[in-house]
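Just so you know, the sequences run in chain order A and B.
In case it helps, this note's numbering puts the first sequence at residues 5 to 231.
In case it helps, this note's numbering puts the second sequence at residues 5 to 231.
C-beta: ideal position from N, C-alpha, C; glycine also.
None of these values were measured; they are calculated from a predicted model.
Okay, so here's the structure we're looking at.
There are 2 protein chains.
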Amino acid sequence: LIVGEDIWKVYRVGDVEVQALRGVSITIERGEFVAIMGSSGSGKSTLMNILGCLDQPTKGRYRLNGVEVGQLRPDQLAEIRNQQIGFVFQSFNLIPRTSALENAQLPLFYRGLSLKEQRTLASAALQRVGLKGREHHSPTQLSGGQQQRVAIARALVTSPSLLLADEPTGNLDTESSQDIMGILEGLNREGMTVILVTHEVDIAAYASREIVVKDGQILSDRATKER
Amino acid sequence: LIVGEDIWKVYRVGDVEVQALRGVSITIERGEFVAIMGSSGSGKSTLMNILGCLDQPTKGRYRLNGVEVGQLRPDQLAEIRNQQIGFVFQSFNLIPRTSALENAQLPLFYRGLSLKEQRTLASAALQRVGLKGREHHSPTQLSGGQQQRVAIARALVTSPSLLLADEPTGNLDTESSQDIMGILEGLNREGMTVILVTHEVDIAAYASREIVVKDGQILSDRATKER
Ligand SMILES: Nc1ncnc2c1ncn2[C@@H]1O[C@H](COP(=O)(O)OP(=O)(O)OP(=O)(O)O)[C@@H](O)[C@H]1O
Ligand SMILES: Nc1ncnc2c1ncn2[C@@H]1O[C@H](COP(=O)(O)OP(=O)(O)OP(=O)(O)O)[C@@H](O)[C@H]1O
Ligand SMILES: [Mg+2]
Ligand SMILES: [Mg+2]
Numbered sequence: 005l006i007v008g009e010d011i012w013k014v015y016r017v018g019d020v021e022v023q024a025l026r027g028v029s030i031t032i033e034r035g036e037f038v039a040i041m042g043s044s045g046s047g048k049s050t051l052m053n054i055l056g057c058l059d060q061p062t063k064g065r066y067r068l069n070g071v072e073v074g075q076l077r078p079d080q081l082a083e084i085r086n087q088q089i090g091f092v093f094q095s096f097n098l099i100p101r102t103s104a105l106e107n108a109q110l111p112l113f114y115r116g117l118s119l120k121e122q123r124t125l126a127s128a129a130l131q132r133v134g135l136k137g138r139e140h141h142s143p144t145q146l147s148g149g150q151q152q153r154v155a156i157a158r159a160l161v162t163s164p165s166l167l168l169a170d171e172p173t174g175n176l177d178t179e180s181s182q183d184i185m186g187i188l189e190g191l192n193r194e195g196m197t198v199i200l201v202t203h204e205v206d207i208a209a210y211a212s213r214e215i216v217v218k219d220g221q222i223l224s225d226r227a228t229k230e231r
Numbered sequence: 005l006i007v008g009e010d011i012w013k014v015y016r017v018g019d020v021e022v023q024a025l026r027g028v029s030i031t032i033e034r035g036e037f038v039a040i041m042g043s044s045g046s047g048k049s050t051l052m053n054i055l056g057c058l059d060q061p062t063k064g065r066y067r068l069n070g071v072e073v074g075q076l077r078p079d080q081l082a083e084i085r086n087q088q089i090g091f092v093f094q095s096f097n098l099i100p101r102t103s104a105l106e107n108a109q110l111p112l113f114y115r116g117l118s119l120k121e122q123r124t125l126a127s128a129a130l131q132r133v134g135l136k137g138r139e140h141h142s143p144t145q146l147s148g149g150q151q152q153r154v155a156i157a158r159a160l161v162t163s164p165s166l167l168l169a170d171e172p173t174g175n176l177d178t179e180s181s182q183d184i185m186g187i188l189e190g191l192n193r194e195g196m197t198v199i200l201v202t203h204e205v206d207i208a209a210y211a212s213r214e215i216v217v218k219d220g221q222i223l224s225d226r227a228t229k230e231r
């Protein structure tokens, strides 16, 4: 599904160069459940953005489902993202002054579904992450963990084949975290490929493979015992 | 230092009432180190905002340092906050398109310090949280954990007597979390009162008192063994 070869991402800030990724090669098969761990600033979110077709490498190649992503136009990338990928961002990226329901519904816009069908799917997704009764709240009317759960519902509403989740339980208490991980586990058993970034060992334990990133490179990549 | 009596906070969303806090009474002495825990949506951030004079109760009284905060004008509240309180928000609240250094420097603006003195203090604070080399990055050029650490540096730069930190290590790996908690522990030993919201038991363990919030009320309030 995912083949990244010698991926580099270099940013310029003023006259200083920040090498966020330094030659990352990674292969992920369909249906895997991968946890990515590493220190703050090590390059995890940068890697996720590239795998999720939200950003392109400075150097190196990335094939998603056999398609060379590096060669595509922005509109083609947007279509791939919408058709195949669900994304939970580290900072949620919800639309302000817009309800939880409308936020969760957003990815369905391009699917030719009626508004009523969109609302039904979005409402079910919100209920699944424990947000019944908060559908009409806008982001500032939601707690941190509730905003994060809206972002998760939004990522799942299109039933994507690939889910990239950057710290999806960072703002959640233990019980809500376990609920969310249970949902992801179930979806993975049904075939969804899951790649998640986490700092928490208990969350990483749900995955069957753990990749550790350090200073823009892959430090280790090993199978882990499944629960 | 802090005396909250029967604090209620009720929000209206459409024609629905959300009772975020339902009669919370809390007393915190100078120099304490308190951890607040509880489920997502239980009322922790709402309580912190009221204790930090960022928001006022719907009902009930709050005395900070002997002063009835509920009676004050917004400019008086702003002065109290700036003089006495350092605040780490759950969603960081950094100023976009503004460097880490300028963000950390912001609370010093009202203190009659020269720009050079402000920059020196802000730079030292950033170095203390491990952000040397990232001073001139703006928030979008920083990782999630780096943004969180800028928010922490900003909260500490005025050497406040009271620190309210809402999930200060939520985006940090274990090592950075321990570094930050070590800094807070040290400041607490020097007399700073620390109230922190966390979902993580390991982080709560640094405190000497644990308050659990549930459905807008205090469920339990007990002394915990100090490390
Ligand atoms: N747009 C950008 N411009 C410049 N530097 C950047 C940019 N985005 C990220 N960086 C830098 O690249 C490095 C890696 O960032 P990244 O966000 O991938 O880290 P991370 O592993 O997700 O960290 P965290 O655990 O704190 O979220 C950091 O040092 C960061 O300062
Ligand atoms: N401005 C608001 N308008 C309406 N409802 C609100 C507002 N702010 C918070 N709420 C609601 O009040 C309740 C408590 O929110 P709060 O942010 O205090 O929770 P929390 O304990 O910090 O949760 P988390 O652990 O998810 O951050 C939630 O159910 C939330 O939906
Ligand atoms: Mg990150
Ligand atoms: Mg909160």
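- Query: Quick one, what's near ligand 1 if you take every residue whose CB is closer than 6 angstroms to any heavy atom, in chain order?
  - Reply: By the rule of a C-beta closer than 6 angstroms to any heavy atom of ligand 1, the residues picked out are A:Y15, A:V17, A:V22, A:A24, A:G42, A:S44, A:G45, A:S46, A:G47, A:K48, A:S49, A:T50, A:Q94, B:R138, B:H141, B:T144, B:Q145, B:L146, B:S147, B:G148, B:G149, B:Q150 and B:N175.
What did DSSP end up calling Q94 of chain A once you bin it into helix, strand or coil? In the displayed model, Q94 of chain A falls within coil according to three-state DSSP, outside both helix and strand.
Am I right that M52 of chain A and V216 of chain A are in contact with their C-beta atoms under 8 angstroms? What's the rounded C-beta distance? Between M52 of chain A and V216 of chain A a beta carbon distance of about 15 angstroms is seen, past the 8 angstroms cut, so the two are scored as non-contacting.
Could one say the Cβ of T178 of chain A lies closer than 8 angstroms to chain B's Cβ atoms, at least one of them? So, interface residue.
Tell me which residues share the same chain as V198 of chain B and place their Cβ nearer than 6 angstroms to its Cβ, disregarding the 5 neighbours each side in the sequence. By the criterion of a C-beta distance shorter than 6 angstroms, V198 of chain B is surrounded in its chain by F37, L167, L188 and N192, once the five residues flanking it on both sides are discounted.
I30 of chain A and C57 of chain A: beta carbons closer than 8 angstroms? Between I30 of chain A and C57 of chain A, the C-beta gap is not smaller than 8 angstroms, which leaves the two residues out of contact.
P143 of chain A and Q151 of chain A closer than 8 angstroms at C-beta
Yes, the pair counts as a contact, with Cβ atoms nearer than the cut-off.
Are at least three pairs of beta-carbons, each pair with one atom in the segment 95 to 109 of chain A and one in the segment 154 to 172 of chain A, less than 8 angstroms apart? The segment 95 to 109 of chain A makes contact with the segment 154 to 172 of chain A, as at least three CB pairs between them are under 8 angstroms.
Check: Does the Cβ-Cβ distance between Y66 of chain B and I54 of chain B come in under 8 angstroms?
Finding: Their beta carbons are under 8 angstroms apart, which means Y66 of chain B touches I54 of chain B by this criterion.
Problem set entry | Run of the beta strand (DSSP E) containing G42 of chain B, from where it starts to where it stops | Annotation: the continuous beta strand (DSSP E) that includes G42 of chain B extends over F37 to G42.
Helix, strand or coil at K120 of chain B [DSSP, three-state]: The answer is helix: DSSP assigns K120 of chain B an H, G or I state.
(Q) Would L68 of chain B and I6 of chain B qualify as a contact pair, given that the criterion is a beta-carbon distance under 8 angstroms? (A) In this structure, I6 of chain B lies closer than 8 angstroms to L68 of chain B by Cβ.
* Asked: Any idea which residues DSSP pairs S224 of chain A with across the strands?
  -> According to DSSP, which records beta bridges pairwise, S224 of chain A is partnered with A:V216.
Checklist entry - Applying a beta-carbon distance threshold of less than 8 angstroms, which residues of chain B neighbour N175 of chain A? => result Within 8 angstroms Cβ-Cβ: S44, Q94, E171, G174 and H203.
Could you give the distance in angstroms between the alpha-carbon of R16 of chain A and the alpha-carbon of A82 of chain A?
C-alpha of R16 of chain A to C-alpha of A82 of chain A: approximately 25 angstroms in a straight line.
message: Out of A:E121, A:V14 and A:R26, which one is the CA nearest neighbour of K218 of chain A?
response: Closest by alpha carbon: A:R26.
I want to verify the contact list: residues of chain B whose CB lies under 9 angstroms from the CB of N145 of chain A, in sequence order.
The amino acid occupying residue 145 of chain A in the given sequence is Gln; Asn does not appear at that position. Correct list: Y15, V17 and V22.
### Query
For Y66 of chain B, which three-state DSSP category applies?
In the three-state reduction of the DSSP assignment, Y66 of chain B falls in the strand class.
Practice problem: Establish whether the CB of Q150 of chain A and some CB of chain B are separated by less than 8 angstroms. | Solution: The Cβ of Q150 of chain A sits closer than 8 angstroms to at least one Cβ of chain B.
Where does E204 of chain A fall in DSSP's three states? It is coil, neither helix nor strand.
Nonlocal neighbours in the same chain, by C-beta distance under 8 angstroms from G134 of chain A, ignoring five residues either side
Sequence-distant Cβ neighbours of G134 of chain A in its own chain, meaning closer than 8 angstroms and more than five residues away, are R153, S180 and D183.
inquiry  = Among B:V71, B:T50 and B:G70, whose alpha-carbon lies nearest the alpha-carbon of P61 of chain B?
reply    = Residue B:T50 is the option with its Cα nearest to P61 of chain B.
Through-space distance from R226 of chain B to T102 of chain A, alpha-carbon basis:
The straight-line gap from Cα to Cα measures roughly 40 angstroms.
Let me check one thing: in DSSP terms, what residues is G8 of chain B bridge-paired to? According to DSSP, G8 of chain B bridges with B:I30 and B:Y66.
Practice task
Could you run through the segment 45 to 75 of chain A and flag, in chain order, every residue whose CB is less than 9 angstroms away from some CB of chain B?
Solution key: Correct list: G45, S46, G47, K48, S49 and T50.
Measuring only the C-alpha atoms, how far is V205 of chain B from L117 of chain A?
The straight-line gap separating the alpha-carbon atoms of V205 of chain B and L117 of chain A is approximately 44 angstroms.
message = Once the 5 residues before and after F113 of chain B are set aside, which same chain residues still bring their CB inside 8 angstroms of it?
response = Closer than 8 angstroms at the Cβ level, and outside the excluded window around F113 of chain B, lie Q122.
Given 7 angstroms as the limit, tell me if D206 of chain A has its C-beta closer than that to any heavy atom belonging to ligand 3. No, since every heavy atom of ligand 3 falls outside the 7 angstroms radius drawn around the Cβ of D206 of chain A.
Please report the residue range of the alpha helix (DSSP H) in which A104 of chain B lies. For A104 of chain B, the enclosing alpha helix (DSSP H) starts and ends at A104 to Q109.
* Measure from the alpha carbon of L125 of chain A to the alpha carbon of each residue in A:G137, A:I207, A:E106 and A:R138, then state which is nearest. => Across the set A:G137, A:I207, A:E106 and A:R138, the C-alpha of A:E106 shows the shortest separation from the C-alpha of L125 of chain A.
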